[in-house]
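Engineer: For reference, the structure I am asking about is given below.
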Amino acid sequence: DAVVQLGEQPKGRGVGLDVQLISEISINNSTFLERNFTDSERSYCSSAPSSQASYAGRWAAKEAVIKAVSSAAQEVVFDKGAAAPLKDIEIVREEGKAPVVVFHGEAKEAVERAGVKEVKVTISHSGAYAVAMAQAN
Amino acid sequence: DAVVQLGEQPKGRGVGLDVQLISEISINNSTFLERNFTDSERSYCSSAPSSQASYAGRWAAKEAVIKAVSSAAQEVVFDKGAAAPLKDIEIVREEGKAPVVVFHGEAKEAVERAGVKEVKVTISHSGAYAVAMAQAN
Amino acid sequence: DAVVQLGEQPKGRGVGLDVQLISEISINNSTFLERNFTDSERSYCSSAPSSQASYAGRWAAKEAVIKAVSSAAQEVVFDKGAAAPLKDIEIVREEGKAPVVVFHGEAKEAVERAGVKEVKVTISHSGAYAVAMAQAN
Chain U
1 DAVVQLGEQP
11 KGRGVGLDVQ
21 LISEISINNS
31 TFLERNFTDS
41 ERSYCSSAPS
51 SQASYAGRWA
61 AKEAVIKAVS
71 SAAQEVVFDK
81 GAAAPLKDIE
91 IVREEGKAPV
101 VVFHGEAKEA
111 VERAGVKEVK
121 VTISHSGAYA
131 VAMAQAN
Chain H
1001 DAVVQLGEQP
1011 KGRGVGLDVQ
1021 LISEISINNS
1031 TFLERNFTDS
1041 ERSYCSSAPS
1051 SQASYAGRWA
1061 AKEAVIKAVS
1071 SAAQEVVFDK
1081 GAAAPLKDIE
1091 IVREEGKAPV
1101 VVFHGEAKEA
1111 VERAGVKEVK
1121 VTISHSGAYA
1131 VAMAQAN
Chain L
2001 DAVVQLGEQP
2011 KGRGVGLDVQ
2021 LISEISINNS
2031 TFLERNFTDS
2041 ERSYCSSAPS
2051 SQASYAGRWA
2061 AKEAVIKAVS
2071 SAAQEVVFDK
2081 GAAAPLKDIE
2091 IVREEGKAPV
2101 VVFHGEAKEA
2111 VERAGVKEVK
2121 VTISHSGAYA
2131 VAMAQAN
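Written out as structure tokens, the structure is:
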């Protein structure tokens, strides 16, 4: 029974998907929000029509980005447990544009080490769930 | 604190994801259906085992395609608000094949302007939700 | 009304997405589990914090892989109805790594025939749902 482990390919490409029950995001916990979201993200989410859905979408996007970069690198990156600097993976929205991922600090270094040149991200929410997907190239 | 905006890359590649609560799709509103789905799509969805789930999947697919092309173009395309010609983004199913995206009219022009050569799409539904994902290359 | 069927492109790239209501996975049906999951997968899922969610995630991943390879091949592969050898599409997790797809037997042959060189997969679950996405290159 021959086996080909197709996942063992050159580095540089990866995908990440995340689903998040919106009600689980603790939007009344300011410590949680300040630790995981930048000032700009908190400003954006707080003024969104559904603030909790907006935070959940961004949370899912950050998780999807970590998975996509880890998939490209073929090892888990940013893996610092409770100290993971999700704030260093910023989701930027400009009016009339698709969301863009901006990396700061150690996250930026980890992405460069992984040989990833570009990360695309997409977010959606409906009903009780937010989902996000990222692709690293 | 150095920043690299990895999203600012050459045009041409993008991803789009969409989730849709199936119960929100107004399958009894014929104006809505005729405006957003082609004759062929309505025929397919109406005869599906779960018509509403099938319409929701196609709706999510059209939204995912718009996001993927916008992500590739690095600007929102097809952005005409309530007048967005979702009907011009057709999801075609042939027996024994993966779904295919066919663009018509202004949607076709917008995709060509964005430099996108290919859009792949995938759809799923389970329980109360439909999801779809598109990749533009 | 000119039409461009952008999906008719060279073979080799495809995407697959799947959502699965966790409660639908029959974890008390050992025949079902043994037919669709390898010994290693059953061992992993049985010891997971939420066994049913873990099985649902793997089920979604296998379905997403089939869709991604079918999307790349531009025809449905592995299409054997009730006899589809989902067990031949194995999702392998190593500590500290992203999940990897390993193909066995007829699934391996089908993937090679489709001209697919690499399949990346990503899995998530939250609340009542598991989702997975695969990309074939």
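Residue numbers (my numbering), protein chains in the order written: chain U, 1 to 137; chain H, 1001 to 1137; chain L, 2001 to 2137. Think of the CB as a built atom: it goes at the ideal place given N, C-alpha and C, for glycine as much as any other residue.
Take residue 2116/L as the anchor and find which of 2066/L, 2057/L, 2136/L, 2059/L has the nearest alpha-carbon.
Structural biologist: Answer by Cα proximity: 2136/L.
Engineer: Find out if the Cβ-Cβ distance for the pair residue 1122/H, residue 2092/L is shorter than 8 Å.
Structural biologist: In this structure, residue 2092/L does not lie closer than 8 Å to residue 1122/H by Cβ.
Engineer: Could you give the distance in angstroms between the alpha-carbon of residue 134/U and the alpha-carbon of residue 17/U?
Structural biologist: Their Cα atoms are separated by approximately 6 Å.
Engineer: Just checking my contact of residue 1067/H with residue 98/U at CB under 8 Å: how many whole Å lie between their CB atoms?
Structural biologist: At roughly 7 Å, the Cβ-Cβ gap stays under 8 Å, so residue 1067/H and residue 98/U are in contact.
Engineer: Per DSSP, which one or two residues make a beta bridge with residue 122/U?
Structural biologist: In DSSP, residue 122/U forms a bridge with 133/U.
Engineer: List the whole-angstrom C-beta distance separating residue 2053/L from residue 2130/L, where the pair is believed to meet the contact cut-off of C-beta under 8 Å.
Structural biologist: With 8 Å as the limit, residue 2053/L and residue 2130/L qualify as a contact, their Cβ atoms being about 6 Å apart.
Engineer: Within 8 Å of any Cβ in chain L, is that where the Cβ of residue 1069/H sits?
Structural biologist: No, residue 1069/H does not count as interfacial toward chain L.
Engineer: Round the Cβ separation of residue 87/U and residue 35/U to the nearest angstrom and send it over; I've been treating them as touching at under 8 Å.
Structural biologist: Going by Cβ atoms, the distance from residue 87/U to residue 35/U rounds to 7 Å, so yes, they are a contact pair.
Engineer: Based on the DSSP output, what are the partners of residue 37/U in its beta bridges?
Structural biologist: Paired residues: none, contrary to the question.
Engineer: Of all the options 19/U, 108/U, 51/U, which has the alpha carbon lying nearest to the alpha carbon of residue 90/U?
Structural biologist: Of the candidates 19/U, 108/U, 51/U, the one whose C-alpha sits nearest the C-alpha of residue 90/U is 108/U.
Engineer: Quick one: is residue 2063/L buried, meaning 16 or more other Cβ sit within 10 Å of its Cβ, or exposed?
Structural biologist: With 16 or more Cβ atoms within 10 Å of its Cβ, residue 2063/L is classed as buried.
Engineer: In the DSSP assignment, find the beta strand (DSSP E) that holds residue 2090/L and state where it starts and stops.
Structural biologist: Segment 2089 to 2092, the beta strand (DSSP E) holding residue 2090/L.
Engineer: Counting only beta-carbon atoms, is residue 39/U nearer than 8 Å to chain L?
Structural biologist: Not closer than 8 Å to any Cβ of chain L, the Cβ of residue 39/U fails to qualify, so no.
Engineer: Between residue 2016/L and chain U, is any beta-carbon pair separated by less than 8 Å?
Structural biologist: No, residue 2016/L lies away from the interface with chain U (no Cβ there is under 8 Å from its Cβ).
Engineer: Per DSSP, residue 2015/L is paired with what?
Structural biologist: Answer by DSSP bridge pairing, in chain order: 2135/L.
Engineer: Between the Cα of residue 28/U and the Cα atoms of 20/U, 40/U, 45/U, 85/U, which residue gives the shortest distance?
Structural biologist: When each option's Cα is compared against that of residue 28/U, the closest is 45/U.
Engineer: Can you pull the chain U neighbours of residue 2031/L, defined as C-beta to C-beta under 8 Å?
Structural biologist: Ordered by position in chain U, no residue passes the 8 Å Cβ test against residue 2031/L, which lies about 21 Å from the chain.
Engineer: Grouping DSSP H, G and I as helix and E and B as strand, with all else coil, what is residue 2083/L?
Structural biologist: Its pLDDT being 49, under 50, residue 2083/L is placed unreliably by the model, and the measurement read from it follows with that caveat. Note: residue 2083/L maps to helix in three-state DSSP.
Engineer: Under 9 Å Cβ-Cβ, which residues of chain U neighbour residue 1019/H?
Structural biologist: 19, 124, 125, 126, 127, 129, 130, 131, listed in chain order.
Engineer: From this set, 127/U, 74/U, 118/U, 59/U, which residue's C-alpha is nearest residue 38/U's C-alpha?
Structural biologist: That would be 59/U, whose Cα lies nearest to the Cα of residue 38/U.
Engineer: Between the Cα of residue 95/U and those of 1077/H, 1100/H, 1101/H, 1094/H, spot the shortest distance and give me the residue it belongs to.
Structural biologist: Of the listed residues, the one whose Cα sits closest to residue 95/U is 1077/H.
Engineer: Could you have a look at residue 1052/H and say whether DSSP puts it in helix, strand or coil?
Structural biologist: In the structure shown, residue 1052/H sits in a helix (DSSP, three-state: H, G or I).
Engineer: Which residues in the same chain have their Cβ closer than 7 Å to the Cβ of residue 65/U, if we skip the five residues on either side of it in sequence?
Structural biologist: Correct list, in chain order: 16, 89, 101, 119, 121, 134.
Engineer: Distance cutoff 8 Å, beta carbons only. Does residue 2090/L sit that close to anything in chain H?
Structural biologist: No, residue 2090/L lies away from the interface with chain H (no Cβ there is under 8 Å from its Cβ).
Engineer: Looking at the strands, I want to know which residues DSSP matches up with residue 2020/L.
Structural biologist: According to DSSP, residue 2020/L bridges with 2130/L.
Engineer: Can you tell me whether DSSP reads residue 25/U as helix, strand or coil?
Structural biologist: If DSSP states are grouped into helix, strand and coil, residue 25/U belongs with coil.
Engineer: Run down chain U in chain order and give the residues with a C-beta less than 9 Å from the C-beta of residue 1074/H.
Structural biologist: Within 9 Å Cβ-Cβ: 97, 98, 100.
Engineer: In whole angstroms, what separates the C-alpha of residue 1082/H from that of residue 2104/L?
Structural biologist: Residue placement at residue 1082/H cannot be trusted, given a pLDDT of 42 that sits under 50; the coordinates are not used to answer.
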